[in-house]
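Enquirer: Residues in the sequence shown are numbered from 0 upward in steps of one, following numbering that gives the first Met the number 0.
For every residue, glycine included, the Cβ atom is placed at its ideal position computed from N, Cα and C.
Remember, it's a predicted structure, so these values are computed and weren't measured experimentally.
After the structure tokens below, expect a handful of questions from me.
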Amino acid sequence: MGSYWNDDSRWRYLTGWVLALGLFVLISGKVWLTSGSARNSQVYFFLLLPALIYLVAVVATRRARLPGVCYWVWASYLVWVALSGLWSSGSEVDALALAKRGLFIALFMVAVHMLVDSSPQVFRRVLSGAVIVVALGALATLYFQFYWLDRSFHYRAFRLDRLGIGEFANYRYPVAAGMFHGAIASWAFALAVDRTASLRKAVVWMLVFMVLAAYVLLTYARGAWIALAASCLLAILLQRSRLGWWLFSVGLAVGLVAALIWKDHLLNELLTRRLSGRSPIWEYFFSSMSGSWIAGHGLGTPFAYHWPDGKTVSPHAHSLYLQQVYDSGLVAVGLLLAGLGCVMKKAWKMRHDPLVCLALPALCYALIVMLTDVERIYTRPGDYWTIVWLPLAVLLAVTQRGRGLERCAKND
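Here's what the structure looks like:
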């Protein structure tokens with residue numbers, strides 16, 4: 000037993016698979032675990048606890064190395080958002096409980112760094128497995144809702160948000176379901192157009208992507224549509240494979256045909272529905288920010304736009320960036336943008352790295368979908384960790400070491 004634990008390679012191997020299990024639960028857990036508390040407990044135990052033990056161990060043995068600049072920027076962002084809870088008003092959660100969420104996110108970044116740095120192959124395997132499980136859940140949902148229950152395919156007649164059997168694959172709201180599956184679809188598409196993938200693997204991943212994309216389409220979450228299209232285009236530009244450009248041509252043709260078929264509906268979206276009621280919510284945001292632009296109202300302060308009907312209340316700003324200003328002010332947004340700029344600079348320098356080619360399109364998806372749909376990213380384990388923090392953590396974790404022979408696009 001002693002020699003086993005003292006063997007660094009075996010320790011890394013074991014830790015890698017424990018972290019992989021936690022990551023698998025985080026990404027795919029909603030498909031096969033009906034209890035949110037059970038999912039979070041497993042994420043805490045298999046993903047965050049090993050990261051905490053690792054941090055304590057490296058500090059105790061004085062083997063800790065200072066993290067890079069990007070990590071310091073994101074740590075500053077998490078600390079500031081946590082501190083903003085001190086000047087909140089009317090919060091239903093105390094400031095310490097909110098601050099713990101920042102600690103959980105920091106531990107998640109450490110966990111992903113450990114997994115990517117020591118076992119990149121294990122990371123790819125668990126990511127692939129989780130994507131396939133989510134796609135199977137999406138396929139089951141499509142079959143059950145539209146074949147078994149005979150839901151209508153007419154435009155917006157029915158919007159997907161759950162499997163419909165117990166609490167399995169239940170995302171509660173169509174927009175939330177669309178955002179989550181769009182994020183997973185962005186990973187699937189990047190795997191499909193990977194230059195190093197065999198034709199058989201590319202076909203399998205393309206089928207997985209098509210299932211996920213169909214699910215996203217039938218949620219009618221327009222932000223997810225646009226974000227997914229942009230992430231796919233970026234994946235093609237990064238990989239520059241013949242398959243990618245062929246798929247781009249086919250996708251463009253299919254999109255034009257769909258636009259012609261749904262012409263009246265699309266015109267209604269553009270000319271009538273437009274932002275689907277977000278305009279008055281955003282007007283309320285600007286009217287409520289007087290004197291609070293720099294530091295915000297404080298994390299946890301309720302956001303409540305009351306609609307003219309007197310019944311409906313919007314509990315968030317329907318834009319991550321606006322909500323971030325409301326909660327923690329322009330300081331938080333400045334740190335957020337600085338962190339993103341640092342990551343983008345690093346990703347551009349390492350754009351030939353295979354993990355960058357996978358994660359950067361997913362981050363692109365998150366940045367676009369956050370414009371109109373994402374509520375808050377400073378949360379406990381959940382969908383937003385998969386949508387936002389996962390690709391970000393991967394890009395932060397990628398290093399030059401040991402990557403020279405694997406390229407996603409070998410020629411400039």
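Alpha carbon to alpha carbon, what distance is there between T385 and G328?
Expert: Translated into the one-based positions of the sequence shown, residue 328 becomes position 329. Translated into the one-based positions of the sequence shown, residue 385 becomes position 386. If I take the Cα positions, the gap works out to 25 angstroms.
Enquirer: Can you say whether A226 is buried or exposed, counting buried as having 16 or more other CB atoms within 10 angstroms of its CB?
Expert: Taking the first residue of the sequence shown as 1, we reach residue 226 at position 227. Label assigned to A226: buried.
Enquirer: Hey, quick one: how far does the alpha helix (DSSP H) through H180 stretch, first residue to last?
Expert: If you number the sequence shown from 1, residue 180 lands on position 181. Per DSSP, H180 belongs to the alpha helix (DSSP H) from 173–191.
Enquirer: Identify the continuous alpha helix (DSSP H) that holds N169 and give its terminal residues.
Expert: Reading the sequence shown from its first residue, position 170 is the one you call residue 169. Segment: none, N169 is in no alpha helix (DSSP H) and carries neither H nor E.
Enquirer: Our contact map puts A139 next to A105 with C-beta atoms below 8 angstroms; I'd like the distance itself, whole angstroms only.
Expert: On the sequence shown, position 140 is the one that residue 139 refers to. On the sequence shown, position 106 is the one that residue 105 refers to. With a Cβ gap of about 35 angstroms, A139 and A105 do not count as contacting.
Enquirer: Give the DSSP bridge partners of S313, in chain order.
Expert: Taking the first residue of the sequence shown as 1, we reach residue 313 at position 314. Answer is Y304, bridged to S313.
Enquirer: Does DSSP put R38 in a helix, a strand or coil?
Expert: Mapped onto the sequence shown, residue 38 falls at position 39. If DSSP states are grouped into helix, strand and coil, R38 belongs with the helices.
Enquirer: Leaving out the 5 sequence neighbours to the left and right, which residues in its chain are closer than 8 angstroms to I131 when beta-carbon positions are compared?
Expert: Here residue 131 refers to the residue found at position 132 of the sequence shown. The answer, listed in chain order, is V207.
Enquirer: Give, in chain order, every unbroken run of the alpha helix (DSSP H) that is at least 4 residues long and sits entirely within the stretch 34–87.
Expert: 35–42, 48–59, 68–83, all fully within the stretch 34–87.
Enquirer: Considering only the beta carbon of each residue, do L22 and L102 sit closer than 8 angstroms?
Expert: Along the sequence shown, read from residue 1 onward, the residue named residue 22 stands at position 23. Along the sequence shown, read from residue 1 onward, the residue named residue 102 stands at position 103. No; because the gap between Cβ atoms is not below 8 angstroms, this pair is not in contact.
Enquirer: Check whether the stretch 184–204 touches the stretch 338–348, counting contact only when three or more Cβ pairs, one atom from each stretch, lie closer than 8 angstroms.
Expert: No, they do not touch.
Enquirer: Have a look at A392, R379, R350 and flag the residue whose alpha-carbon is nearest the alpha-carbon of A365.
Expert: Walking along the sequence shown from the start, residue 365 turns up at place 366. Of A392, R379, R350, the residue nearest in Cα terms is A392.
Enquirer: Just to confirm my understanding: we take R402, look at its own chain, exclude 5 residues before and 5 after, and list those with CB closer than 7 angstroms. What are they?
Expert: For the purposes of this step, residue 402 is taken as residue 403 along the sequence shown, with counting starting at 1. Residue placement at R402 is poorly supported in this model, since its pLDDT is 47, which falls under 50; the coordinates still yield a value, given next. The answer, listed in chain order, is D352.
Enquirer: Quick one: is L315 buried, meaning 16 or more other Cβ sit within 10 Å of its Cβ, or exposed?
Expert: Numbered from 1 along the sequence shown, position 316 holds the residue referred to as residue 315. Looking at the sequence provided, one finds His at residue 315 rather than Leu. Per the 10 Å Cβ criterion, buried.
Enquirer: Name, in chain order, the residues that DSSP records as bridge partners for R161.
Expert: The sequence position of residue 161 within the sequence shown is 162, counting from 1. Answer by DSSP bridge pairing, in chain order: N169.
Enquirer: Compare the Cα-Cα distances from Y325 to each of S118, L357, I280, A258 and report the closest residue.
Expert: Locating residue 325 in the sequence shown gives position 326, counting from the first residue. Of the listed residues, the one whose Cα sits closest to Y325 is I280.
Enquirer: With 16 other CB atoms within 10 Å as the buried threshold, where does G1 fall?
Expert: On the sequence shown, residue 1 is found 2 positions in, with the first residue counted as 1. The pLDDT assigned to G1 is 38, lower than 50, so where the model puts this residue is not dependable, and the model offers no usable value.
Enquirer: Contact check, L335 vs H112 under 8 angstroms by CB: the rounded distance?
Expert: The residue given as residue 335 occupies position 336 in the sequence shown. The residue given as residue 112 occupies position 113 in the sequence shown. About 20 angstroms separates the two Cβ atoms, so there is no contact after all.
Enquirer: Using the rule of at least 16 other Cβ atoms within 10 Å of the residue's Cβ for burial, across every protein chain shown, is S34 buried or exposed?
Expert: Within the sequence shown, the letter at position 35 stands for residue 34. The residue is exposed, with fewer than 16 neighbouring Cβ atoms inside 10 Å.
Enquirer: Determine the contact status of Y304 and Y283, defining contact as a CB-CB distance below 8 angstroms.
Expert: Taking the first residue of the sequence shown as 1, we reach residue 304 at position 305. Taking the first residue of the sequence shown as 1, we reach residue 283 at position 284. Yes. Within cutoff.
Enquirer: Going along the chain, which residues of its own chain have a beta-carbon closer than 8 angstroms to the beta-carbon of V24, five neighbours each way excluded?
Expert: The residue you call residue 24 lines up with position 25 of the sequence shown. L32, R38, Q41, V42, F45, L46, listed in sequence order.
Enquirer: Is DSSP giving R150 helix, strand or coil here?
Expert: Looking up residue 150 in the sequence shown gives position 151. Correct three-state label for R150: coil.
Enquirer: Decide yes or no for the touch test of the stretch 145–159 against the stretch 51–68: beta carbon pairs closer than 8 angstroms, at least 3 of them.
Expert: Verdict: no, contact absent.
Enquirer: Alpha helix (DSSP H) containing S286: first to last residue?
Expert: If you number the sequence shown from 1, residue 286 lands on position 287. Start and end: 277–287.
Enquirer: Using C-beta distances below 8 angstroms, list every residue in its chain close to L216, excluding the 5 sequence neighbours before and after it, in chain order.
Expert: Residue mapping note: residue 216 aligns to position 217 of the sequence shown, counting from 1. These residues qualify, in order along the chain: W224.
Enquirer: Looking at the structure shown, is V92 part of a helix, part of a strand, or coil, going by DSSP?
Expert: Indexing the sequence shown from 1 puts residue 92 at position 93. Here V92 sits in coil by DSSP.
Enquirer: Reducing DSSP to helix, strand and coil, say where M113 ends up.
Expert: For the purposes of this step, residue 113 is taken as the residue at position 114 of the sequence shown. Of the three classes helix, strand and coil, the one that applies to M113 here is helix, per DSSP.
Enquirer: Less than 8 angstroms separating the beta-carbons of W86 and V330?
Expert: As a working mapping, residue 86 is identified with position 87 in the sequence shown. As a working mapping, residue 330 is identified with position 331 in the sequence shown. Cβ distance not < 8 angstroms, so W86 and V330 don't count as in contact.
Enquirer: When DSSP labels each residue in this structure, what does D263 get in the three-state scheme?
Expert: Locating residue 263 in the sequence shown gives position 264, where the first residue counts as 1. Of the three classes helix, strand and coil, the one that applies to D263 here is helix, per DSSP.
Enquirer: Return the chain-ordered list of same chain residues with a C-beta closer than 8 angstroms to the C-beta of V192, the five sequence neighbours on each side being excluded.
Expert: One-based indexing of the sequence shown puts residue 192 at position 193. If we look at V192 and ignore the five residues flanking it on each side, its Cβ neighbours are A201, A234, I235, Q238, S240, L242, G243, L246.
Enquirer: What are the start and end residues of each continuous alpha helix (DSSP H) run of 4 or more residues lying completely inside the stretch 312–356, in chain order?
Expert: DSSP runs (the alpha helix (DSSP H)) wholly in the stretch 312–356: 319–348.
Enquirer: If you drop the 5 nearest sequence neighbours on each side, which residues of the same chain put their C-beta closer than 6 angstroms to that of G338?
Expert: In the sequence shown, counting from the first residue as 1, residue 338 sits at position 339. Cβ within range, chain order: V72, W73, Y76.
Enquirer: Alpha carbons only, please: which of A50, G254, D116, A137 is nearest the one belonging to H180?
Expert: Translated into positions along the sequence shown, residue 180 becomes position 181. With distances taken between Cα atoms, H180 lies closest to A137.
Enquirer: Less than 8 angstroms separating the beta-carbons of I367 and A189?
Expert: On the sequence shown, position 368 is the one that residue 367 refers to. On the sequence shown, position 190 is the one that residue 189 refers to. Against a cut-off of 8 angstroms, the Cβ pair of A189 and I367 comes out as no contact.
Enquirer: Please state whether DSSP places Y142 in a helix, a strand or coil.
Expert: Position 143 of the sequence shown, counting from 1, holds the residue named residue 142. If DSSP states are grouped into helix, strand and coil, Y142 belongs with the helices.
Enquirer: Compute the Euclidean distance between the alpha carbons of L51 and P66, then round it to the nearest angstrom.
Expert: Within the sequence shown, numbered from 1, the residue matching residue 51 stands at position 52. Within the sequence shown, numbered from 1, the residue matching residue 66 stands at position 67. The alpha-carbon atoms of L51 and P66 are separated by roughly 16 angstroms.
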